[in-house]
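Trainee:
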Amino acid sequence: EALFARGVEQGLEEGLEKGLERGLERGLERGREQGLERGLLAGRIRALQQVLNQPTMTPRELASKSLTELQAQAAELASLLNLDPQ
Numbered sequence: 093e094a095l096f097a098r099g100v101e102q103g104l105e106e107g108l109e110k111g112l113e114r115g116l117e118r119g120l121e122r123g124r125e126q127g128l129e130r131g132l133l134a135g136r137i138r139a140l141q142q143v144l145n146q147p148t149m150t151p152r153e154l155a156s157k158s159l160t161e162l163q164a165q166a167a168e169l170a171s172l173l174n175l176d177p178q
């Protein structure tokens, strides 16, 4: 019985450790993907602003915006040029 309890405890510890590792890996991957998307949107916004002869937002201004705000800003600027909002 004591051996069984130790086995269960060890299994729980190993399972928890593996679960935490997988969760961390998924979180890092998701963060990289979102960072890439934010960077691409920021570049698109600045390029569109330049083409439209609008003042360009600073990197700090762009970084302070949410992903949703960046997507909306890019779509709005693209619509001024009749471009696909992607």
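Each residue of the sequence shown is one higher than the one before, starting from 93 at the first, in my numbering.
Every residue, glycine too, gets a C-beta built ideally from N, C-alpha and C.
Taking C-beta to C-beta, are residue 130 and residue 155 nearer than 9 Å?
Mentor: Against the sequence shown, residue 130 aligns to sequence position 38. Against the sequence shown, residue 155 aligns to sequence position 63. Yes; because the gap between Cβ atoms is below 9 Å, this pair is in contact.
Trainee: When you compare the region 142-150 with the region 111-128, are there three or more beta-carbon pairs, one atom per stretch, that lie closer than 8 Å?
Mentor: The answer is no - the region 111-128 does not touch the region 142-150, with fewer than three Cβ pairs under 8 Å.
Trainee: By the 10 Å Cβ neighbour count, where 16 or more other Cβ atoms means buried, how is residue 102 classified, buried or exposed?
Mentor: For the purposes of this step, residue 102 is taken as the residue at position 10 of the sequence shown. So residue 102 ends up on the exposed side.
Trainee: Return yes when the Cβ of residue 166 is within less than 9 Å of the Cβ of residue 133, no when it is not.
Mentor: On the sequence shown, position 41 is the one that residue 133 refers to. On the sequence shown, position 74 is the one that residue 166 refers to. Yes. Within cutoff.
Trainee: State buried or exposed for residue 98, treating a residue as buried only when at least 16 other CB atoms are found within 10 Å of its CB.
Mentor: Locating residue 98 in the sequence shown gives position 6, where the first residue counts as 1. Exposed, since its Cβ has fewer than 16 Cβ neighbours within 10 Å.
Trainee: For residue 138, collect the residues of the same chain with a Cβ closer than 8 Å to its Cβ; drop the 5 residues on either side in sequence, then sort them by chain order.
Mentor: Counting from one through the sequence shown, the residue named residue 138 turns up at place 46. These residues qualify, in order along the chain: 148, 149, 154.
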